[in-house]
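**Student:** Here it is, the structure in full.
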Amino acid sequence: MKLSLAPCQNAPMRPAFSPPNGLLAWCLLLLTLLLAATAQEAPGWVRVARAQLEILEGPAQTPAQQEVALPYHWDRVIARVDGVASFRAQVHWPHTGRPVALYFPRIGNAYAVFINGHEVARSGLWPPGPGNGTEREPQWVSVPPDLQAVNMDLEVRIAASAGRYGGLSEIYVGDAQALESSYLTRRFWEVASRQILGALTALLGLFGLWLWWRQRDPVYLYYGVAELLWTALTVRTLVDSIPLPMPLWQLLFYYVPLCLAPPLMYRSIAHMLRLQYVWLLRALAWATWIS
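Per my numbering, the sequence shown starts with residue 363, numbered consecutively.
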């Protein structure tokens, strides 16, 4: 019996090697995405992290000139005394013709900015008065077009008041559009968020007092007064010009709210949870009266 082997006519012929075109395409796409993700574009700004410090007014034992790292905290480095200091730095930025700006995350308590010897900005009282300062929010300075150059001699003078967080943060110099998002984000968290928090606590406090007026339940009285005290703490950081003498202002809007708000809030929570621990209620009552 003779057998003959013939290829099946219905089965397709497979080549000896078929390149995985789909897999190759996916590999090329993945490689392209990785290269795009790791590509480093030129930043739209430069960061000034060191400056030449000159103490213009301050303690006699302080070195007149020295190189310092930024941020620079006046109260920590110098002392809790008033003074004036100058920070100088050379900034190298390509002159592209686009608007250039300076962004200071924190500077205070008053300042003046000079570029190539020309004053471009000044803010705050000089010297700073009680309750007046620029340290509460970030600062933005636009560089005039006629002063924009590849090499800019930047000088920042600050007037610091004792115990009021004076000093200078790192400085960001560059394209105004590239810096704007960072400036607006910090300004939101430094200013707008406090305004929202103050308005919210004020509404909650007034609502608590309204409930107490209607029901005469002390839990609402404790809660409403505590929220209004938190509002006073928040408002203290938003007021530019203090209408009261500084000692009285600190007493009413800092020490009293800071000491009295926590025990009142704890007492309201204890009443809400109907805690029957006599020792806890007595301790909260004593803490309230002591505050």
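Note that the Cβ used here is the ideal one computed from N, Cα and C, for glycine as well. These numbers were taken from a predicted model, which means no experiment stands behind them.
1. Going by alpha carbons, who is nearest to E517 out of W575, R484 and W592?
2. Determine the direct distance from the alpha carbon of L635 to that of F466, and round the result to whole angstroms.
3. Say the cut is 7 Å; is the CB of L541 nearer than that to a heavy atom of the ligand PLP?
4. So is Y617 buried or exposed if we call it buried at 16+ other beta carbons inside 10 Å?
5. In chain order, what residues of the same chain have a beta carbon less than 8 Å from the beta carbon of G406, not counting five sequence neighbours either side?
6. Mark I533 as exposed unless 16 or more other C-beta atoms lie within 10 angstroms of its C-beta, in which case mark it buried.
7. With distance defined between alpha-carbon atoms, name the residue in G470, R438 and P456 nearest to V408.
8. Touching or not, the region 546 to 553 and the region 471 to 482, by the rule of three or more beta carbon pairs under 8 Å?
9. What three-state label does DSSP hand H457 in the structure shown?
10. On the three-state DSSP scale, how would you describe S531?
11. Could you tell me the alpha carbon to alpha carbon distance between A451 and L613, rounded to whole angstroms?
12. Quick one: what's got a C-beta closer than 8 Å to L509's C-beta in the same chain, skipping five residues either side?
13. Nearest to V581 by alpha carbon, out of I469, G420 and P625?
14. Tell me L464's beta-bridge partners as DSSP assigns them.
15. Along the alpha helix (DSSP H) that carries Y628, what are the first and last residues, could you check?
16. N513: buried (16+ other C-beta within 10 angstroms of its C-beta) or exposed?
17. Using three-state DSSP, classify G570 as helix, strand or coil.
18. So A588 and A623 are supposed to be a Cβ contact under 8 Å. How far apart are they, rounded?
19. Per DSSP, what kind of secondary structure is R438 in: helix, strand or coil?
**Tutor:** Taking the definition as stated:
1. Your numbering for residue 517 matches position 155 in the sequence shown. Of the candidates W575, R484 and W592, the residue whose Cα lies closest to the Cα of E517 is R484.
2. By 1-based counting over the sequence shown, the position of residue 466 is 104. By 1-based counting over the sequence shown, the position of residue 635 is 273. Going from the Cα of F466 to the Cα of L635 covers about 47 Å.
3. Looking for the ligand PLP in the displayed structure turns up nothing, as the structure carries no ligands at all.
4. Taking the sequence shown and counting its residues from 1, one reaches residue 617 at position 255. Exposed.
5. One-based indexing of the sequence shown puts residue 406 at position 44. Only residues of its own chain outside the window of five on either side were considered, and among them G536, D537, Q539, A540 and L541 have a CB closer than 8 Å to the CB of G406, listed in chain order.
6. Stepping through the sequence shown from its first residue, residue 533 is reached at position 171. The residue is buried, with at least 16 neighbouring Cβ atoms inside 10 Å.
7. In the sequence shown, the residue the question calls residue 408 occupies position 46. Closest in alpha carbon position to V408, among G470, R438 and P456, is P456.
8. No, the region 546 to 553 does not touch the region 471 to 482.
9. The residue labelled residue 457 in the question sits at position 95 within the sequence shown. In this structure, H457 counts as coil in the three-state DSSP scheme.
10. One-based indexing of the sequence shown puts residue 531 at position 169. Coil.
11. Taking the first residue of the sequence shown as position 1, residue 451 is located at position 89. Taking the first residue of the sequence shown as position 1, residue 613 is located at position 251. If I take the Cα positions, the gap works out to 41 Å.
12. Residue mapping note: residue 509 aligns to position 147 of the sequence shown, counting from 1. The residues I477, N478, H480 and V482, in chain order, have a CB closer than 8 Å to that of L509 in the same chain once the five nearest residues on each side in sequence are set aside.
13. Walking along the sequence shown from the start, residue 581 turns up at place 219. Here the closest residue by C-alpha is P625.
14. One-based indexing of the sequence shown puts residue 464 at position 102. For L464, the pairing in a beta bridge is given by DSSP as V503 and V535.
15. Within the sequence shown, the letter at position 266 stands for residue 628. Residues V618 to M634.
16. Position 151 of the sequence shown holds residue 513. Label assigned to N513: exposed.
17. Indexing the sequence shown from 1 puts residue 570 at position 208. In this structure, G570 counts as helix in the three-state DSSP scheme.
18. For the purposes of this step, residue 588 is taken as the residue at position 226 of the sequence shown. For the purposes of this step, residue 623 is taken as the residue at position 261 of the sequence shown. Cβ atoms of A588 and A623 come within 8 Å of each other, at about 5 Å.
19. Reading the sequence shown from its first residue, position 76 is the one you call residue 438. In the three-state reduction of the DSSP assignment, R438 falls in the helix class, which pools H, G and I.
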